[in-house]
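Numbered according to full-length UniProt numbering, the sequence shown spans residues 1 to 325.
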Amino acid sequence: MITFLRILALKQELSNIWNNYYNDTDYSTTHNQQNPSISSSIQNMLIYQCLFKGLQETCIKSTSNDAKILHVDCVFNNIWSENSGSLVYIESTASNIAQRRFEAYNCYSSVSAGVAYIFPDQTTTLSYTEESSIAECGQDSVNYIFYNKNGNVKFSYINFSKNCFYTDGFYIDTQSFDNITYSTIEENNANKYSAFAVLNGNDYSMKYCNVFRNYQVSTRCGTIYAIYTELYVYNNSFISDKGNGKLFYASTNAKIKIYNSYIDSTTDYGSVSSINSVDSMTVSLNYSDFSPNLIITNQTYNYTKIINPTYKIQVDTHRMRNRRF
Numbered sequence: 001m002i003t004f005l006r007i008l009a010l011k012q013e014l015s016n017i018w019n020n021y022y023n024d025t026d027y028s029t030t031h032n033q034q035n036p037s038i039s040s041s042i043q044n045m046l047i048y049q050c051l052f053k054g055l056q057e058t059c060i061k062s063t064s065n066d067a068k069i070l071h072v073d074c075v076f077n078n079i080w081s082e083n084s085g086s087l088v089y090i091e092s093t094a095s096n097i098a099q100r101r102f103e104a105y106n107c108y109s110s111v112s113a114g115v116a117y118i119f120p121d122q123t124t125t126l127s128y129t130e131e132s133s134i135a136e137c138g139q140d141s142v143n144y145i146f147y148n149k150n151g152n153v154k155f156s157y158i159n160f161s162k163n164c165f166y167t168d169g170f171y172i173d174t175q176s177f178d179n180i181t182y183s184t185i186e187e188n189n190a191n192k193y194s195a196f197a198v199l200n201g202n203d204y205s206m207k208y209c210n211v212f213r214n215y216q217v218s219t220r221c222g223t224i225y226a227i228y229t230e231l232y233v234y235n236n237s238f239i240s241d242k243g244n245g246k247l248f249y250a251s252t253n254a255k256i257k258i259y260n261s262y263i264d265s266t267t268d269y270g271s272v273s274s275i276n277s278v279d280s281m282t283v284s285l286n287y288s289d290f291s292p293n294l295i296i297t298n299q300t301y302n303y304t305k306i307i308n309p310t311y312k313i314q315v316d317t318h319r320m321r322n323r324r325f
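The structure is reproduced here in structure tokens:
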């Protein structure tokens, strides 16, 4: 009886998670498997608590039109793909993908987009990535970690740490961007361009994020990069980001506007503006150091604080659950 009730509870839990993203109640479930075989022709699929380890191909690939895919509580460890996207590949289809509470470690591809390559042929598709940790992924000769073009794109509660890439960690080019929020982008290495890049869309926004100790090799572009769009930065922390480029880089027909944020470097290029006054302070804060298991350490930084006398600013620490591969 207890086992039966647990099965019912699990079924209801999965249904609730699915309904957070999709209205369609007809879907299949892959649960608690190691290296499950996911057909590229799937329509509606929920992948739950699965381990993908040591594969030499893309884990989840969709060639179906109007597919709805959701993976939850999955671990991806040591994945390599000779095609774009070691975890997810979607191109030229109206497929939807939601990625929730996953952990990726040492995942990369030899072509483009070390973790996810998502390029649907419609602007109305869903591409959400939430409550997840991506650590030590990518290669310095391969362009991106996340490549998102078209669709309704959202990143929230992401820990993005110790990744390397040739051009951009996050490459986002869409007319429908639903923010990057409550995320930490820490200690990543951009061989050429930026840790976070937005292009050609309507207004983008970045809220309540920590951007710590990222390094840019090239003198071109910046840690935060925008072109042909406007990027609004609210209540973020930028601490000890180094390299040969700028911290903020507004390229052709772009504007970057910063509100109520901590910044310890004022290097910028193009139309970059900050709201409210600035003073220097010292703060001791905890941050997540993924390697791949969660380690919390203490560091002291000098930073510049943009003050709004009517708004209390807080440096957020985003912590993920500790899991071992």
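We put the beta carbon where it would ideally sit given N, CA and C, even for glycine.
In the DSSP assignment, find the unbroken beta strand (DSSP E) run with Tyr22 in it and report its ends.
-> Taking the first residue of the sequence shown as 1, we reach residue 22 at position 22. First-last for Tyr22: undefined, no H or E at that position.
Determine the extent of the beta strand (DSSP E) in which Gly222 is found, giving its start and end residues.
-> By one-based count along the sequence shown, residue 222 stands at place 222. Looking at the DSSP string, the run of the beta strand (DSSP E) that includes Gly222 is Gly222 to Ile227.
For Glu13, count neighbouring C-beta atoms within 10 Å of its own C-beta (all shown protein chains included) and say buried if the count is 16 or more, exposed if not.
-> Start at 1 with the first residue of the sequence shown, and residue 13 comes out as number 13. Counting Cβ neighbours within 10 Å, Glu13 comes out exposed, since fewer than 16 surround it.
Pull up the distance between the alpha-carbon of Gly245 and that of Val142, whole angstroms please.
-> The residue given as residue 245 occupies position 245 in the sequence shown. The residue given as residue 142 occupies position 142 in the sequence shown. Near 19 Å, if we compare the C-alpha coordinates of Val142 and Gly245.
Where Asp168 and Asp241 are concerned, what is the direct C-alpha to C-alpha distance, given to the nearest angstrom?
-> For the purposes of this step, residue 168 is identified with residue 168 of the sequence shown, where counting begins at 1. For the purposes of this step, residue 241 is identified with residue 241 of the sequence shown, where counting begins at 1. Rounded to whole angstroms, Asp168 to Asp241 spans 15 Å at the Cα level.
Considering Gly169, what are the terminal residues of the beta strand (DSSP E) in which it resides?
-> To locate residue 169, count along the sequence shown from 1; it is residue 169. Taken as a continuous stretch (DSSP letters only), the beta strand (DSSP E) holding Gly169 covers Asp168 to Asp173.
Alpha carbon of Asp264 to alpha carbon of Leu46, nearest angstrom = Indexing the sequence shown from 1 puts residue 264 at position 264. Indexing the sequence shown from 1 puts residue 46 at position 46. Cα to Cα, the separation comes out at about 43 Å.
Tell me whether the beta-carbon of Phe155 lies closer than 8 Å to the beta-carbon of Glu187.
-> Your numbering for residue 155 matches position 155 in the sequence shown. Your numbering for residue 187 matches position 187 in the sequence shown. Cβ distance not < 8 Å, so Phe155 and Glu187 don't count as in contact.
Length of the line joining the Cα atoms of Ala9 and Tyr193 = For the purposes of this step, residue 9 is identified with residue 9 of the sequence shown, where counting begins at 1. For the purposes of this step, residue 193 is identified with residue 193 of the sequence shown, where counting begins at 1. Looking at the two C-alpha atoms, the distance is approximately 47 Å.
For Tyr28, which residues from the same chain have a beta carbon less than 6 Å from its beta carbon, with the 5 sequence-adjacent residues on both sides left out?
-> The sequence position of residue 28 within the sequence shown is 28, counting from 1. Tyr is not the amino acid found at residue 28; the sequence shown has Ser there. Taken in chain order, the residues that qualify are Met45.
C-alpha gap between Tyr204 and Thr174, whole angstroms = Here residue 204 refers to the residue found at position 204 when the sequence shown is read from its first residue. Here residue 174 refers to the residue found at position 174 when the sequence shown is read from its first residue. Approximately 9 Å, taken between the alpha carbons.
Ile87 in three-state terms, based on DSSP | For the purposes of this step, residue 87 is taken as the residue at position 87 of the sequence shown. First, the amino acid is wrong: residue 87 is Leu here, not Ile. Correct three-state label for Leu87: coil.
Check whether the region 106 to 120 touches the region 144 to 158, counting contact only when three or more Cβ pairs, one atom from each stretch, lie closer than 8 Å.
-> yes
Reference Asp178; option with closest CA among Ile90, Gly54, Leu231 and Phe160 | Here residue 178 is taken as the residue at index 178 of the sequence shown, counted from 1. With distances taken between Cα atoms, Asp178 lies closest to Leu231.
Nearest to Ile42 by alpha carbon, out of Lys53, Gln34, Leu70 and Asn20?
-> Along the sequence shown, read from residue 1 onward, the residue named residue 42 stands at position 42. Comparing Cα positions, the closest option is Leu70.
Can you tell me the Cα-Cα spacing of Glu91 and Asp121, whole angstroms?
-> Along the sequence shown, read from residue 1 onward, the residue named residue 91 stands at position 91. Along the sequence shown, read from residue 1 onward, the residue named residue 121 stands at position 121. Cα to Cα, Glu91 sits roughly 7 Å from Asp121.
Assumed close pair Asn152, Thr184 - CB separation to whole angstroms, cut-off 8 Å | Position 152 of the sequence shown holds residue 152. Position 184 of the sequence shown holds residue 184. Actually they are not in contact, since the Cβ atoms of Asn152 and Thr184 sit about 23 Å apart, beyond 8 Å.
Which residues share a DSSP beta bridge with Leu199?
-> Position 199 of the sequence shown, counting from 1, holds the residue named residue 199. Answer by DSSP bridge pairing, in chain order: Asp173 and Ile227.
CA-CA distance, Asp26 and Ile79?
-> Within the sequence shown, numbered from 1, the residue matching residue 26 stands at position 26. Within the sequence shown, numbered from 1, the residue matching residue 79 stands at position 79. In a straight line, the C-alpha of Asp26 is about 30 Å away from that of Ile79.
From Ser127 to Phe52, what distance separates their C-alpha atoms?
-> The residue given as residue 127 occupies position 127 in the sequence shown. The residue given as residue 52 occupies position 52 in the sequence shown. Each residue's alpha carbon lies about 21 Å from the other.
Gln56 - DSSP class collapsed to helix/strand/coil = Taking the sequence shown and counting its residues from 1, the one referred to as residue 56 is at position 56. In the structure shown, Gln56 sits in coil (DSSP, three-state: anything other than H, G, I, E or B).
Who are the near neighbours of Ala254 in its chain, counting only those whose CB is closer than 8 Å to its CB and skipping five residues on each side?
-> Residue numbering aside, residue 254 sits at position 254 when the sequence shown is read from its first letter. Contacts found: Ala226, Ile227, Tyr228, Thr229, Glu230, Leu231, Gly270 and Ser271.
Count the other CB atoms, across all protein chains shown, that sit within 10 Å of the CB of Gly222; report buried if there are 16 or more and exposed otherwise.
-> Stepping through the sequence shown from its first residue, residue 222 is reached at position 222. With 16 or more Cβ atoms within 10 Å of its Cβ, Gly222 is classed as buried.
Nearest-angstrom beta carbon gap, Ser161 and Ala135 [assumed within contact, 8 Å] | Numbered from its first residue, the sequence shown carries residue 135 at position 135. Numbered from its first residue, the sequence shown carries residue 161 at position 161. About 5 Å separates the two Cβ atoms, so the contact holds.
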